[in-house]
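What follows is a set of notes on a single structure, which appears directly below.
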Amino acid sequence: MGDVHINLDDFLEDSNRVNLLSSRTGCSVEAEEILAGVNEHRRKNGLGALPTNNCLCQTADKHTKQLVAGQAWRLNWASCTHNGRGKCMWNKPNEICGYQGRGYESWAGYPVGSGVKMSPKTALRLWKAGSSGTFWNNKWKEMGASVRGMYAVLWFGN
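Encoded structure:
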């Protein structure tokens, strides 16, 4: 069995929810729930399951932390603005943890000030309803996710 990594900051940031990390992937238990839901949806649509990538989970987690702290908004990061050209977003996993492929991010969130916490189930429902197929296509090789506060972030990599 692998090591279990626990970040004590996760316990302190959100007293209503414990953000434990899975010993298998390094992603939070809630992120694992999202990733399992994505794979279930892919299988139902004739696509193969995607493996979890720890670096993509780290990237997603960094962005949800920035979103919760008010340092970022939607696909924009504290350090760069996504302007529709993608370079800022595509290179974030490499910048954060040395990911060798391109990354693609999707986010789900409640309005600022709503105080509503995002759940993996709600995030999946929103992504399935709003997706134009980009997130479910077969070109992705792996994925990662994070849920924190009123946000969920999903990363795909190739």
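Here the working numbering is used: position 139 in the sequence shown is 785, and no number is missing along the way.
Don't be surprised by glycine CBs; every beta carbon is placed ideally from N, CA and C.
(message) Could you give the first and the last residue of the continuous beta strand (DSSP E) run that contains residue 794?
(response) 788 to 794
(message) Measuring straight from C-alpha to C-alpha, what distance separates residue 783 and residue 775?
(response) 15 angstroms
(request) For the beta strand (DSSP E) holding residue 800, just list the boundary residues, first then last. (result) 797 to 803
(message) I'd like the list of long-range same chain contacts for residue 686, defined as Cβ closer than 7 angstroms, with 5 residues on each side in sequence excluded.
(response) none
(request) Drop a sphere of 10 angstroms on the beta-carbon of residue 746, count the other beta-carbons inside from all chains shown, and report buried for 16 or more, exposed for fewer. (result) exposed
(request) Compute the Euclidean distance between the alpha carbons of residue 802 and residue 762, then round it to the nearest angstrom. (result) 26 angstroms
(message) Short of 8 angstroms in beta carbon distance, which residues of its chain neighbour residue 736, apart from the five on each side in sequence? Order them along the chain.
(response) 748, 749, 750
(message) Please report the distance separating the alpha-carbon of residue 734 from that of residue 689.
(response) 30 angstroms
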